[in-house]
Amino acid sequence: MSRQRTINDQIWRSNRLSGCTVEDRYALFYFLTSPFSNVIGAYEIVIRVAASEMGWDPDSQLMPVMRRLIDAGILDFDPQANYIWIKDWWDHNSAKMAVATTLRKKTLEQIAALPQGWRDAYVNDFIDRLPTEDPLRNTVAKALGYGPYRLSTPYAGPDDGRTSIPAEAKDIHRNQSISNGHTPATAYLQGMDRGPGNTTTNTNPIYNPTTTTRTDDGLQYPTALVPAEKLSIQNLLTDVQSVDAQALLDELDGAIKTPGTIRKTKVAYFKGILERHRIGGFVPSAGIPIATERERLAATQDMSRASESAPLSKAESQARLQEIKAQLELHTRMPK
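Here UniProt numbering is used: the first residue of the sequence shown is 1, the next is one more, and so on.
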């Protein structure tokens, strides 16, 4: 049976996300609803699988977005354990429900399985999310081996300015993983000038754009690609040499023209041959006729342009005239 995940509609008015790009928000929504996700919002993940489910390339698209969200303090990622922690998970889910009778055992087990470097920071954050003076605070703290929990100030969400916790204490409280080698949580700059009409690009010079499109460099793309497919493939080719890129595009074009070759989507097929190219296992086959025909047409066009642009000398014109006369005489002497 599939599970259901909830996203609080106030996320659209969150100051914390005001500087995020569309790609950043899309990735966050994925992590909040991912099939990898668990009760506590900190779980093991397979980056390649996550990228595939999002329709992205793991290296050129997903990882740059994750780095931005980590820098913003929205996520944390432990590459050794392959664990991700959505810091705002409890803005969308009930911490109290997570330690209710039916879920408490599972919640405590999942917290106990967290990377050691996160444990203190996560437990403190989680307990702060429970209602003030609720006996559950001490119950959970004791169950996790933290003793009595005395902090009675309710947790203030990122958009709640009524918190009585000093800002410095809150930063230390939420970012204890800094001392363990994790990326510091730095909030997005507020009031960022994103440019008129631009809702997808973060203009903060610290960050690189998520989607970088290579210049075509004269590459010939299959005519059967729709604009969105072409853009996705351009993004995948950002670090591929032009000669290799053209060979991969020719292979895709040949596959498109061979019924039954592409079983899923053109972009998925292209990702497959690109992966083989990266590991040195790509051998052109369907693309050879495409490349041959393109080279033949290019040679014909070059000859045509050369003949039009270079006028014949008088001697060359007379020789050409004699050839034409000879061909006409031969034609007239041929039997009917």
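Glycine included, C-beta positions come from ideal geometry on N, C-alpha and C.
Under the three-state reduction of DSSP, Y221 is assigned to coil, being neither helix nor strand.
Leaving aside the five residues that flank G41 on each side, the residues in its chain whose CB is nearer than 6 angstroms to its CB run, in chain order, I86 and W89.
Put simply, of R104, L28, L108 and E133 the residue whose alpha carbon is nearest the alpha carbon of G145 is L108. Here E133 carries a coil assignment [DSSP, helix/strand/coil]. Straight across, the Cα-Cα distance linking A298 with K325 is about 31 angstroms. Annotated three-state conformation of W56 is coil, per DSSP.
Judged by DSSP secondary structure, D76 falls within the beta strand (DSSP E) whose first and last residues are L75 to D78. Taking the Cα of F270 as reference, the smallest distance to any Cα among R3, S37, R16 and G55 is reached at G55. Following the DSSP letters along the chain, one finds A247 in no beta strand (DSSP E) but inside the alpha helix (DSSP H) bounded by residues S242 to I256. Y146 carries a coil assignment under DSSP once its states are collapsed to helix, strand and coil.
Rounded to whole angstroms, the gap between the alpha carbons of G272 and G260 is 16 angstroms.
Where I70 is concerned, the enclosing alpha helix (DSSP H) starts and stops at M63 to D71. Shown here, A286 sits in coil according to DSSP, grouped into three states, outside any helix or strand. For A95, the enclosing alpha helix (DSSP H) begins and ends at A95 to A98.
E44 is bridged by DSSP to Y83. CA-CA distance, V46 to P79, rounds to 10 angstroms.
Pairing R294 with I256, the inter-Cα distance amounts to about 16 angstroms. If the five residues before and after E229 are omitted, its C-beta is found closer than 7 angstroms to the C-beta atoms of K266 and V267, all from its own chain and listed in chain order. Residue Y43 holds the alpha-carbon nearest to the alpha-carbon of A113 among Y43, M63, V99 and S52.
Look at the beta carbons and you see the region 19 to 27 not touching the region 95 to 111: under three pairs across the two are nearer than 8 angstroms.
The C-alpha of D24 is placed about 8 angstroms away from the C-alpha of M66. Counting only residues of its own chain and dropping the five nearest sequence neighbours on each side, I233 has a CB closer than 6 angstroms to the CB of F270.
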